[in-house]
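Report on one structure; see the data block that follows.
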Amino acid sequence: MATQLRVLDDGAWVSVDNRRQVATTDIWPFAVTDFCDCSIAFVLLEAFTSVGVDGREVVVDGVGQCVDCGTKDTFSGLGVGRVLDGSFRAYPSGDVRSFSEPTLGE
Amino acid sequence: MPTDVEEWKADIYGTDIREHIERFAEEGWQSIPEDERDAWFERFKWYGLYHQRAGQESYFMMRIGTPNGVLDPGQLRVVGEVAREYATGPVDNPEFGDSWVDFTTRQSIQLHWIKVEDIVDVWDALESAGLSTVQACGDSWRNIVGCPVAGKDEHEHVNALETVKDFQREFKENDRYENMPRKWKVAVTGCREGCGQGDINDLAFEPATKDGVKGYNVRVGGGLARNEPRLARDIDVFVPFEKAAKVADGMSALFEEYGNREDRYSARIKFLVDEWGAETVRETLQAEFVDFELQTAGEGFRDSYSYNSGRENDGHDDHVGVHPQADGKHYVGLNVLVGRMGTEDVLELADLAETYGSGEVRLTQRQNVIVTDVPDEDLNDFLAEDLLVDYEPEPSPFMRGSIACTGTEFCSLSIVETKNRMVRYARHLRDNVSLPDEVEDFHVHLSGCTASCAQPQIADVSLRGMKTRKDGEPVEAFDLGLGGGLGENPRFADWVGERIPADEVPGAIANLVETYKAEREGSETFRDFVEARDEEELEALVDPEETSYEDPMMHNTKRTWYPYADDDDMAASPAPTAADGTPLDQDGDDAAPADD
């Protein structure tokens with residue numbers, strides 16, 4: 050059966066198969082995305098605007114803010130987890146994962 | 005393309021939901037199909053039920069809509085009894101014990117930890133007392149708000165409570181507007197002090213006179229959510245008192261017809277008013293949705309609005325304290341810090357309201373309660389009751405002015421913990437910071453996110469949940485705004501402090517107050533003081549620092565199953581649970597992190 054993905058709660062959660070799995074309020078380090086002038090941007094995810102898949106990876110678009118310098122921007126294609134054997138495995142938010150980083154803008 | 009929510013609503017919504025909830029209640033939590041839960045929980049909102057956040061699966065928040073905040077004699081007791089029996093969770097809250105009642109900024113009531121299996125019993129108890137959860141949430145007419153002493157107030161132009169009851173009967177106790185594009189928040193104000201806060205509602209009726217006829221001026225498109233605050237726009241319409249429902253009907257129909265159903269982020273009517281302008285709203289209302297000639301706006305009372313204004317004036321800034329009613333009796337406003345009252349206190353308050361008043365209790369948009377109809381001869385005995393030590397009629401300005409939303413304790417949207425933190429802030433400020441003697445009102449509104457349920461933009465000090473890093477670690481934090489308020493010239497706060505660690509906020513407020521005391525001109529209020537300075541000056545005034553205040557909730561409370569549990573890790577959650585609270589086995593381990 051196809052995995053159900055949707056944004057819930059006014060953009061506060063990503064639901065995967067009817068379970069809230071990925072939250073805003075987590076801080077994600079962006080090391081290769083040119084989000085701001087910080088060497089690593091520690092980005093608070095403020096709202097998700099859409100969710101989709103890229104291969105086996107679940108990716109989100111949204112709005113975030115660097116909690117060190119305050120730069121705020123939209124992003125697209127942030128990998129937040131994978132679907133493996135029909136079930137979702139969330140990535141831990143605190144780790145640098147350069148291949149799953151987003152691009153700026155929507 | 006219609007959104008998922010619109011498709012779910014088109015399938016089943018409104019009163020049709022009830023039979024399904026009754027079935028789930030009979031058959032238990034696990035009878036709600038796992039692959040349909042997003043849809044069902046969206047629909048449940050129409051009946052006032054929110055599924056609590058991740059880590060608290062199978063538990064619900066239940067909202068009871070109390071029109072204009074009025075609880076008729078006997079109703080508060082039933083609310084307390086229901087809370088005591090059904091609204092208890094797996095562990096206690098360290099400030100509020102094992103059960104409590106929340107009074108909200110829309111004059112409603114919220115209970116937490118409700119099990120789906122108990123919902124029908126709870127409804128039976130509430131409905132037998134004339135209370136209802138219908139349309140308390142969801143895309144429909146929400147609880148109608150207004151001046152909480154409507155019908156009792158000596159400052160009243162028209163008795164707005166009659167209008168609220170008309171609206172309740174016409175639009176909420178039937179399926180007429182059961183599926184709107186988005187929530188629909190209506191305020192009706194009859195007093196001359198602006199206590200209905202119409203400026204921040206989708207549709208506002210404000211007291212006015214036209215050619216000697218009493219009625220309302222109409223404003224449309226206010227709201228605070230999503231970093232897009234708007235004041236309701238004047239559409240240049242006066243409606244006589246008796247015809248108010250016709251304009252409310254027309255505006256509701258206009259929103260139903262033209263509201264955006266394809267993008268929920270832009271669906272509130274404030275965005276339609278942005279797009280069309282007030283003149284087009286008026287023209288469309290006239291051409292398509294009312295069958296009589298609209299009058300232009302009458303003479304209102306906005307220049308005397310005092311409620312939540314932050315100005316020096318003779319009117320109410322809130323309803324705390326002892327005040328005369330028009331009939332010679334008194335109403336007594338009691339301060340309920342952050343709107344949360346323990347269940348035993350709720351039952352005690354119900355007793356006191358019956359002993360000293362008529363039994364009626366009212367709720368305010370500042371999360372406080374009012375006991376009405378207290379005769380002069382009973383007033384002193386009432387004021388001497390022990391309950392009023394905790395719920396003071398003459399509190400410290402910091403206790404009096406504090407409002408907080410639900411926060412990460414239960415809410416899916418919030419970024420930070422709120423209520424217990426605001427309790428700690430208020431007590432710390434009361435004990436360590438002094439305002440000028442004559443200052444009775446100093447409003448601090450703390451909201452966990454941009455949904456703005458604590459109305460942060462209209463406070464002296466506005467706090468909105470954020471995150472930052474402190475000593476390299478992510479911590480809960482706040483953006484800080486200054487100078488918001490309603491009144492004759494409503495104004496949203498300027499956000500002049502960013503990402504202040506939560507444990508440095510009391511220090512920031514203390515420093516602001518010290519500067520205010522040192523530099524204010526004469527009897528200048530804090531709002532006046534702020535408005536006399538530009539943004540750059542205000543930014544310089546925000547000076548966060550650690551103080552003796554300690555904050556036990558600096559970590560990521562949204563990633564706990566319950567922020568105050570001894571073991572608050574998600575993995576320690578007992579949820580979901582069966583009807584008796586026994587943990588149910590969860591299938592699979594899909595909440596586990598991916599192995600990268």
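Protein sequence lines correspond, in order, to chains A and B.
Quick note: to get the numbering used here, add 49 to the position in the first sequence (first position is 1).
Quick note: to get the numbering used here, add 4 to the position in the second sequence (first position is 1).
Glycine included, C-beta positions come from ideal geometry on N, C-alpha and C.
Could you tell me the boundaries of the beta strand (DSSP E) in which residue i lies?
i: arginine 404(B); result: Per DSSP, arginine 404(B) belongs to no beta strand (DSSP E); it is in the alpha helix (DSSP H), 401 to 404.
i: phenylalanine 84(A); result: Careful: phenylalanine 84(A) lies outside any beta strand (DSSP E) and carries neither H nor E.
i: valine 82(B); result: That residue, valine 82(B), is in no beta strand (DSSP E); its alpha helix (DSSP H) goes 79 to 90.
i: glutamate 352(B); result: Counting along the chain, glutamate 352(B) falls outside any beta strand (DSSP E), though it belongs to the alpha helix (DSSP H) covering 347 to 360.
i: leucine 57(A); result: 54 to 57
i: histidine 334(B); result: 334 to 338
i: serine 77(A); result: As written in the sequence, residue 77(A) is tryptophan, which differs from the serine given in the question. Note, tryptophan 77(A): beta strand (DSSP E), 76 to 79.
Taking the DSSP output, what are the residues bridged to residue i?
i: histidine 159(B); result: Per DSSP, none; premise fails for histidine 159(B).
i: arginine 68(A); result: Val65(A)
i: aspartate 483(B); result: Arg468(B)
i: lysine 119(B); result: Tyr63(B)
i: valine 153(B); result: For valine 153(B), which the question treats as bridged, DSSP gives no partner whatsoever.
i: valine 112(A); result: Ala96(A), Thr123(A)
i: glycine 69(B); result: Ser136(B)
Can you give me the C-alpha to C-alpha distance between residue i and residue j, rounded to a whole angstrom?
i: leucine 75(B); j: proline 233(B); result: 30 Å
i: glutamate 480(B); j: leucine 228(B); result: 22 Å
i: methionine 184(B); j: leucine 258(B); result: 10 Å
i: glutamate 158(B); j: aspartate 584(B); result: 50 Å
i: glutamine 459(B); j: lysine 189(B); result: 14 Å
i: leucine 486(B); j: alanine 271(B); result: 28 Å
i: aspartate 507(B); j: glycine 101(A); result: 38 Å
i: alanine 14(B); j: valine 168(B); result: 29 Å
i: glutamate 492(B); j: aspartate 318(B); result: 14 Å
i: valine 138(B); j: histidine 24(B); result: 15 Å
i: valine 373(B); j: glutamine 111(B); result: 9 Å
i: arginine 67(B); j: tyrosine 566(B); result: 20 Å
i: leucine 289(B); j: glycine 302(B); result: 18 Å
i: glycine 113(A); j: glycine 501(B); result: 18 Å
i: aspartate 599(B); j: arginine 138(A); result: At aspartate 599(B), the pLDDT of 39 sits below 50, so the modelled position is not reliable; the number obtained from the coordinates is stated separately. Cα to Cα, aspartate 599(B) sits roughly 8 Å from arginine 138(A).
i: phenylalanine 530(B); j: threonine 52(A); result: 54 Å
i: glycine 71(A); j: valine 109(A); result: For the sequence presented, residue 71(A) should be read as valine rather than glycine. So the alpha carbons of these two residues sit roughly 10 Å apart.
i: serine 136(B); j: glycine 52(B); result: 9 Å
How far does the alpha helix (DSSP H) with residue i in it extend, from its first residue to its last?
i: histidine 24(B); result: 21 to 31
i: glycine 511(B); result: 509 to 523
i: alanine 43(B); result: 41 to 48
i: threonine 376(B); result: Per DSSP, threonine 376(B) belongs to no alpha helix (DSSP H); it is in the beta strand (DSSP E), 373 to 378.
i: threonine 167(B); result: 164 to 171
i: aspartate 15(B); result: 8 to 15
i: glycine 254(B); result: 248 to 262
Using the Cβ count rule (16 or more neighbours within 10 Å means buried), how would you classify residue i?
i: valine 162(B); result: buried
i: methionine 5(B); result: exposed
i: methionine 345(B); result: buried
i: asparagine 424(B); result: buried
i: glycine 216(B); result: exposed
i: tyrosine 140(A); result: buried
i: glycine 73(B); result: buried
i: arginine 574(B); result: Here residue 574(B) turns out to be methionine, not arginine, going by the sequence shown. Answer is exposed; the Cβ neighbour count stays below 16.
i: leucine 133(A); result: exposed
i: glutamine 1(B); result: One cannot answer for residue 1(B) here, as it falls past the ends of chain B, which runs 5 to 600.
i: phenylalanine 64(B); result: buried
i: aspartate 594(B); result: In this prediction, aspartate 594(B) has a pLDDT of 39, which is less than 50 and means its spatial position is unreliable; what the coordinates show is noted afterwards. The residue is buried, with at least 16 neighbouring Cβ atoms inside 10 Å.
i: proline 478(B); result: buried
i: arginine 131(A); result: buried
i: arginine 105(A); result: exposed
i: glutamine 34(B); result: exposed
i: alanine 596(B); result: Unreliable positioning characterises alanine 596(B) in this predicted model, as indicated by a pLDDT of 39, which lies under 50. The coordinate reading is nonetheless provided below. Its Cβ having fewer than 16 others within 10 Å, alanine 596(B) is exposed.
i: glutamate 95(A); result: buried
i: glycine 143(A); result: exposed
i: valine 437(B); result: buried
i: glycine 142(B); result: buried
i: alanine 576(B); result: exposed
Quick check: the segment 117 to 124 of chain B against the segment 29 to 45 of chain B, are there 3 or more CB pairs under 8 Å?
yes
Three Cβ pairs or more, each shorter than 8 Å: is that satisfied between the segment 127 to 143 of chain B and the segment 78 to 95 of chain B?
yes
Check whether the segment 376 to 383 of chain B touches the segment 414 to 427 of chain B, taking contact to mean three or more Cβ pairs, one atom from each stretch, closer than 8 Å.
no
For the segment 193 to 200 of chain B against the segment 319 to 333 of chain B, are there 3 or more C-beta pairs whose distance is under 8 Å?
Contact between the segment 193 to 200 of chain B and the segment 319 to 333 of chain B is present, because at least three Cβ pairs lie under 8 Å.
Sufficient close CB pairs (3 or more, under 8 Å) joining the segment 113 to 125 of chain A to the segment 79 to 93 of chain A:
yes
At least 3 beta-carbon pairs within less than 8 Å: the segment 32 to 51 of chain B vs the segment 333 to 345 of chain B
no
Are the segment 302 to 312 of chain B and the segment 385 to 392 of chain B in contact at 8 Å, needing three or more beta carbon pairs?
no
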